[in-house]
DNA sequence: CATGGGATTGACT
DNA sequence: GTCAATCCCATGC
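In the working numbering, the protein residues as written are 90 to 276.
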């Protein structure tokens with residue numbers, strides 16, 4: 090399965106968020122199918138890029154198809170895919186995966202057995218993948234951290250939309266997407 | 001230079 | 001249901 094090309098990420102961020110459902114994130118020996126995403130855009134206050142170009146948001150304003158990784162609550166690394174053309178601050182938060190390869194490695198990193206709990210949240214999946222802040226700015230179209238196009242089995246998947254989770258601003262936008270019926274989405 | 005607020009999680013009442 | 005852990009970074013003095 091081919092990697093997603095830079096032109097895919099250059100689309101409007103909501104289209105990228107919807108289009109990433111069913112695609113496969115891979116890093117080293119582990120991989121998983123994306124089953125939940127959220128879109129963020131510099132025009133709305135929930136997005137880090139709302140404050141403009143700073144050291145923190147430089148990745149979001151940079152070229153599409155890169156990883157934006159930041160630390161949340163001092164504990165978790167959260168993984169995003171940078172979207173829209175360079176100069177626009179937008180990204181898609183990867184919120185949950187269905188584990189595919191390296192499940193035992195994920196279990197060891199997470200200290201858990203249950204497959205449904207390995208990647209069912211944005212902080213959980215980075216721990217399971219081994220993604221840390223050093224991945225910030227990594228090129229998803231050519232580096233060791235990659236996102237591949239939907240496998241055939243996922244091309245018919247039905248996708249639902251609703252409000253984003255865990256934010257205090259712009260709560261009303263239906264910019265969260267998930268695979269209908271998946272047991273692997275966050276609670 | 002000091003301060004305060006998170007795109008969360010897991011443990012506990 | 002509540003709450004603490006913990007650190008990066010934007011902001012303000």
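We treat Cβ as the ideally placed atom computed from N, Cα and C, and that holds for glycine.
CB of residue i within 8 Å of CB of residue j, strictly
i: residue 286; j: residue 253; result: With the chain covering 90 to 276 only, the question about residue 286 has no answer from this structure.
i: residue 234; j: residue 224; result: yes
i: residue 155; j: residue 171; result: yes
i: residue 236; j: residue 110; result: no
i: residue 275; j: residue 209; result: yes
i: residue 186; j: residue 114; result: yes
i: residue 198; j: residue 219; result: yes
i: residue 112; j: residue 239; result: yes
Euclidean distance between Cα positions of residue i and residue j
i: residue 271; j: residue 145; result: 33 Å
i: residue 163; j: residue 141; result: 22 Å
i: residue 90; j: residue 105; result: 18 Å
i: residue 160; j: residue 202; result: 25 Å
i: residue 267; j: residue 166; result: 21 Å
i: residue 103; j: residue 226; result: 21 Å
i: residue 119; j: residue 250; result: 27 Å
i: residue 245; j: residue 184; result: 21 Å
i: residue 150; j: residue 157; result: 10 Å
i: residue 169; j: residue 207; result: 18 Å
i: residue 78; j: residue 196; result: Absent from the structure is residue 78, since the part of the chain shown begins at 90 and ends at 276.
i: residue 92; j: residue 125; result: 19 Å
i: residue 153; j: residue 188; result: 25 Å
i: residue 147; j: residue 200; result: 34 Å
i: residue 262; j: residue 116; result: 31 Å
i: residue 130; j: residue 97; result: 16 Å
i: residue 256; j: residue 137; result: 11 Å
With 16 other Cβ atoms within 10 Å as the buried cut-off, status of residue i
i: residue 193; result: exposed
i: residue 134; result: exposed
i: residue 179; result: buried
i: residue 229; result: buried
i: residue 176; result: exposed
i: residue 190; result: exposed
i: residue 143; result: exposed
i: residue 128; result: buried
i: residue 94; result: exposed
i: residue 269; result: exposed
Nearest-angstrom beta carbon gap, residue j and residue i [assumed within contact, 8 Å]
i: residue 101; j: residue 173; result: 7 Å
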